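Colleague: One structure, pasted below without further comment.
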Amino acid sequence: MLNKKDAAERARKLRTLITEERYKYHVLDKSDLSEGALDSLKHELWEIEQAYPELVTPDSPTQRVAGKASSQFGKVPHARPMLSLEDVFTREEMEEWVERLRRRVPHLKTDFYAEIKMDGLAVSLEYEKGVFVRGSTRGDGRVGENITQNLKTIEAIPLVLRRPSEGELKTFLKAHGAGLAAAALSKIVDRLLSGSLEARGEVYMTKKALDRINAAARKAGEPEFANPRNAAAGSLRQLDSSITASRKLDFFAYDLVTNDGLVTHEQCHELMKLFGFPANPLNALCRTTDDVQALYDHVGKKRETLPYWIDGVVVGVNDLALFERLGVVGKAPRGMAAYKFPAEAVTTVVRDVRWQVGRTGVITPVAVMDPVFVAGTTVRHATLHNLDEIKRLGLKIGDTVVLHKAGDVIPKVVQALPKLRTGKEKAIVAPRTCPSCGTPVTRREGEVALVCENPDCEAKDLGRLLHFVSKRAFDIDGLGDKIMEQLIAASLVTEPADLFELVPGDVEPLEGFAEKSSRQLVASIQGAKKISLARFVLALGIRHVGEETAVELARAFGTLEKLRAASLDDLKAVAQIGDVVAESVHASFRNPRRQKEIDRLLEVGVEIEKPKRAAAQPFAGLTFVLTGTLESLSRDEAKDRILELGGRVSSSVGKDTSFVVVGADPGSKAEKAKKLGRPVLSEKAFLAMLKP
Ligand code: IVH
């Protein structure tokens with residue numbers, strides 16, 4: 070979280086930008102920012118205000134419904150304010166919302182009424198003696214615009230309400246009548262049909278109608294509607310209602326404002342249906358948050374095939390008295406929340422731009438951002454493609470950006486928001502030399518890409534990264550050649566530390582990955598962060614340092630700090646290490662690029678475990694050679710046991726071999742042992758030695 074001073078500054082800028090964009094969106098019907106991105110900024114502002122309530126200002130966009138009644142239409146004051154809803158995006162956030170309600174009302178009834186959140190425009194419909202007399206938009210929540218004429222062109226809106234039959238009311242009572250007596254229901258119906266009634270709901274445009282209108286606009290060279298909501302709004306705000314009529318708008322009711330005497334929100338819905346208002350057939354009563362989640366999942370899956378656009382599920386406390394009691398906070402009723410589908414456009418901050426060297430030597434800028442939840446996964450990296458793209462975006466490090474991700478495609482930075490700058494942003498500077506090998510960077514004729522032409526550049530070496538994750542090194546499950554190649558090609562990974570910064574949303578667009586498998590891979594990488602010093606040293610891939618040498622180095626120095634600081638003489642003094650190896654190790658740890666690589670590994674959370682020593686070291690001074698197949702444990706397990714007990718494992722039989730352990734189908738090592746007169750152990754004898 071920001072400190073208070075920075076938070077105040079950020080909140081001020083967010084407010085200005087949101088207010089500006091809201092005005093463009095609601096009043097002018099045109100906006101440069103997608104709704105998801107705007108929601109994301111609003112959510113950030115809300116979070117800052119939660120952390121520092123003293124920063125809330127009365128004119129904050131979180132405190133009121135933005136938008137002004139347009140001057141072109143007459144004004145309509147709303148009898149009850151038309152509110153907005155607080156957004157939640159995940160199951161956790163939804164459950165937290167319920168928890169907050171519970172803290173206010175300890176014996177909260179968990180009945181919820183859940184409805185489909187239509188992507189359209191809220192309207193209020195007023196009836197006198199059962200006849201539609203006035204319809205209005207939300208406007209600023211208190212005063213809306215009179216759009217009666219235009220609403221009358223929508224066939225789904227009843228112009229005259231129907232009177233429910235006795236039979237219908239009976240059925241109603243049976244199915245939904247909790248707490249309601251027959252006589253009371255009759256009275257309510259009579260009162261509403263002979264007096265005033267206000268219903269609210271969403272005017273929307275079907276996908277088909279929107280496609281048709283946009284196709285016509287394209288043909289006529291006119292601008293298309295960016296989304297169904299703009300389309301509905303634009304169509305409703307026509308001064309000529311014949312244009313509205315031609316747009317084929319539709320309507321679903323979601324609230325009966327004049328609900329005196331009714332007990333539940335479900336009853337409002339059912340009664341509205343009897344009066345002739347259409348309601349979404351997917352709406353449902355939910356007894357628990359599990360039910361809400363099930364509906365959300367079900368609708369989420371169906372979303373693509375529905376004939377209209379939806380953006381989530383509205384969940385409300387079903388009990389009307391309780392709903393009232395919970396009251397309103399800011400602009401939203403506490404007892405209702407919009408459980409939205411993951412946005413496909415969100416905002417986040419670019420913290421760094423990393424230049425990744427691909428397999429072909431092309432150097433690609435990759436934005437490293439504050440992790441952000443978009444289209445159902447967390448994303449942290451986005452390729453910026455090349456310098457021209459950075460220029461086009463006008464991007465600087467520290468900028469707030471709009472990030473798009475639809476389904477399982479690669480996330481993309483589509484817009485920078487310079488209005489939110491603090492002055493501390495830094496220009497993005499292209500590297501002059503390859504960030505991996507230091508060779509001067511070239512730019513090929515006619516191409517925008519920067520290239521490292523050094524054929525020996527390590528970053529191009531897939532083998533190096535494969536070695537890093539291999540079984541005896543970091544042992545990362547599921548990271549085979551194909552996946553690693555893709556990670557490199559997508560400019561997600563150049564050096565080992567990059568692996569640990571991957572989040573599921575980075576991996577999901579790769580071939581063969583879905584949501585679950587990308588989460589699994591990231592979990593498996595994160596699970597490998599704790600590692601022994603010997604494995605860590607082996608993983609670095611230092612010339613001449615194989616597993617045996619790595620173990621010796623780890624044993625001799627104990628910690629990475631000591632090993633890194635070791636002088637050439639210190640290294641040469643280790644009994645098992647020859648001069649060539651010592652020199653290679655020494656030079657490697659002095660290499661600035663290697664130092665940076667190690668520092669980054671530690672920075673991203675790689676943790677070197679304290680050496681696991683068995684209390685006793687019965688194998689100290691003993692060297693084992695393993696050959697053939699052991700039955701009861703794998704070769705690696707046997708090695709690890711020997712090392713734990715203080716012994717050494719060598720791959721070749723020599724004078725200093727203490728024992729040769731011979732399994733089934735042994736190789737030539739067994740014969741060599743005989744020749745040299747070294748003792749041979751059967752698997753059984755070896756196992757006996759392992760026992761304490
Ligand atoms: S209930 C206090 N139900 O979502 C507002 N709203 O984010 C009560 N919306 O302004 C609204 N479908 O325009 C409700 N089934 C539904 C809805 C719905 C769409 C819109 C509505 C509202 C906005 C709130």
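Quick note: the sequence shown uses this note's numbering, first residue 70, plus one each step.
Beta carbons: idealized from backbone N, C-alpha and C, even for Gly.
Please read these numbers as outputs of a predicted model, since none were measured by experiment.
Can you tell me whether residue 209 sits near the ligand IVH, meaning its C-beta is under 7 Å from at least one heavy atom of the ligand?
Modeller: No, Cβ of residue 209 sits at least 7 Å from all heavy atoms of the ligand IVH.
Colleague: Is the region 275-295 in contact with the region 351-370, if contact means three or more CB pairs nearer than 8 Å?
Modeller: Result no; under three Cβ-Cβ pairs closer than 8 Å.
Colleague: Please indicate yes or no: does the CB of residue 383 lie closer than 7 Å to some heavy atom of the ligand IVH?
Modeller: At least one heavy atom of the ligand IVH is nearer than 7 Å to the Cβ of residue 383, so yes.
Colleague: Tell me the rounded alpha-carbon separation between residue 749 and residue 687.
Modeller: Distance between the alpha carbons of residue 749 and residue 687 is about 18 Å.
Colleague: Helix, strand or coil: which one does DSSP assign to residue 594?
Modeller: In this structure, residue 594 counts as helix in the three-state DSSP scheme.
Colleague: Start and end of the alpha helix (DSSP H) containing residue 258?
Modeller: Run containing residue 258: 251-263, per the alpha helix (DSSP H) assignment.
Colleague: Can you list, in chain order, the stretches of the alpha helix (DSSP H) that have 4 or more residues and sit fully within the region 593-669?
Modeller: Runs found: 602-608, 616-626, 629-634, 637-641 and 648-659.
Colleague: So residue 737 is in the alpha helix (DSSP H); what residue range does that whole segment cover?
Modeller: Note, residue 737: alpha helix (DSSP H), 737-745.
Colleague: Excluding the 5 residues flanking residue 114 on each side, which residues of the same chain have their C-beta closer than 8 Å to its C-beta?
Modeller: Hits under 8 Å: 80, 83, 84, 87, 129, 130 and 131.
Colleague: Quick one, which of 89, 761 and 112 has its alpha-carbon nearest residue 442's?
Modeller: Taking only the C-alpha atoms, the option nearest residue 442 is 112.
Colleague: Using a threshold of 7 Å, is the CB atom of residue 402 nearer than that to any non-hydrogen atom of the ligand IVH?
Modeller: True, at least one ligand heavy atom lies under 7 Å from that Cβ.
Colleague: What residues in its chain sit with their C-beta under 6 Å from that of residue 746, if we drop five residues either side in the sequence?
Modeller: Correct list: empty, nothing qualifies.
Colleague: To the nearest angstrom, how far is it from the Cα of residue 763 to the Cα of residue 167?
Modeller: With the chain running from 70 to 761 in the structure shown, residue 763 is simply not present.
Colleague: Could you tell me if residue 70 is buried or exposed, where buried requires 16 or more neighbouring beta carbons within 10 angstroms of its beta carbon?
Modeller: When all chains shown are included, residue 70 counts as exposed.
Colleague: Only counting the same chain, and skipping five residues up and downstream in sequence, which positions put a Cβ closer than 6 Å to that of residue 133?
Modeller: For residue 133, the predicted structure reports a pLDDT of 49, less than 50, and the residue's modelled location is therefore unreliable. A value from the coordinates is still provided. Cβ neighbours of residue 133 beyond the five flanking positions: 400.
Colleague: Tell me the rounded alpha-carbon separation between residue 179 and residue 387.
Modeller: Going by the C-alpha atoms only, they are around 8 Å apart.
Colleague: Following a CB-centred definition, is residue 186 positioned closer than 7 Å to any heavy atom of the ligand IVH?
Modeller: True, at least one ligand heavy atom lies under 7 Å from that Cβ.
Colleague: Counting C-beta neighbours from all protein chains within 10 Å, is the total for residue 135 16 or more, i.e. buried, or is it exposed?
Modeller: No answer about residue 135 holds up, because its pLDDT of 35 lies below 50 and its placement is not dependable.
Colleague: Is it the case that the CB of residue 271 approaches a heavy atom of the ligand IVH more closely than 7 Å?
Modeller: Yes, Cβ of residue 271 sits closer than 7 Å to a heavy atom of the ligand IVH.
Colleague: Return yes when the Cβ of residue 528 is within less than 8 Å of the Cβ of residue 536, no when it is not.
Modeller: Contact: no.
Colleague: Could you name each continuous beta strand (DSSP E) segment of 3 residues or more that falls completely within the region 260-339, going from the start of the chain to the end?
Modeller: Taking only runs of at least 3 residues, the beta strand (DSSP E) segments lying wholly in the region 260-339 are 265-274 and 318-325.
Colleague: Which one of 89, 448, 164 and 76 has the shortest CA to CA distance from residue 124?
Modeller: Among 89, 448, 164 and 76, the Cα nearest to that of residue 124 is on 76.
Colleague: From what residue to what residue does the beta strand (DSSP E) around residue 484 run?
Modeller: From DSSP, the beta strand (DSSP E) with residue 484 extends over 481-485.
Colleague: What's the C-alpha gap between residue 644 and residue 479?
Modeller: If you take the alpha carbons of residue 644 and residue 479, they lie about 52 Å apart.
Colleague: I'd like the list of long-range same chain contacts for residue 292, defined as Cβ closer than 7 Å, with 5 residues on each side in sequence excluded.
Modeller: So the qualifying residues of the chain are 286.
Colleague: Just to confirm my understanding: we take residue 610, look at its own chain, exclude 5 residues before and 5 after, and list those with CB closer than 6 Å. What are they?
Modeller: Cβ within range, chain order: 533 and 536.
Colleague: Could you check the C-alpha separation between residue 489 and residue 417 for me, to the nearest Å?
Modeller: Their backbone Cα atoms lie some 11 Å apart in a straight line.
Colleague: First and last residue of the beta strand (DSSP E) that includes residue 537?
Modeller: That residue, residue 537, is in no beta strand (DSSP E); its alpha helix (DSSP H) goes 531-538.
Colleague: Can residue 335 and residue 241 be called in contact, C-beta distance under 8 Å?
Modeller: In this structure, residue 241 does not lie closer than 8 Å to residue 335 by Cβ.
Colleague: On the three-state DSSP scale, how would you describe residue 545?
Modeller: It is coil, neither helix nor strand.
Colleague: Just to confirm, are residue 347 and residue 189 a CB contact at a threshold of 8 Å?
Modeller: No, the Cβ-Cβ distance between residue 347 and residue 189 is not below 8 Å.
Colleague: According to DSSP, is residue 373 helix, strand or coil?
Modeller: Helix at residue 373.
Colleague: Assuming residue 323 contacts residue 269 (C-beta within less than 8 Å), just tell me the rounded distance between them.
Modeller: Their Cβ separation, rounded to whole angstroms, is 6 Å, which keeps residue 323 and residue 269 in contact under 8 Å.
Colleague: For a test of your reading of the model: does the CB of residue 153 fall under 7 Å from any non-hydrogen atom of the ligand IVH? Yes or no.
Modeller: Residue 153: yes, Cβ under 7 Å from the ligand IVH.
Colleague: Check the Cβ-Cβ distances between residue 543 and every residue of chain B, and say whether any is below 8 Å.
Modeller: Here there is only one protein chain, and chain B is not present.
Colleague: Thinking C-beta only, is residue 587 closer than 8 Å to residue 547?
Modeller: No, these two residues do not count as a Cβ contact at 8 Å.
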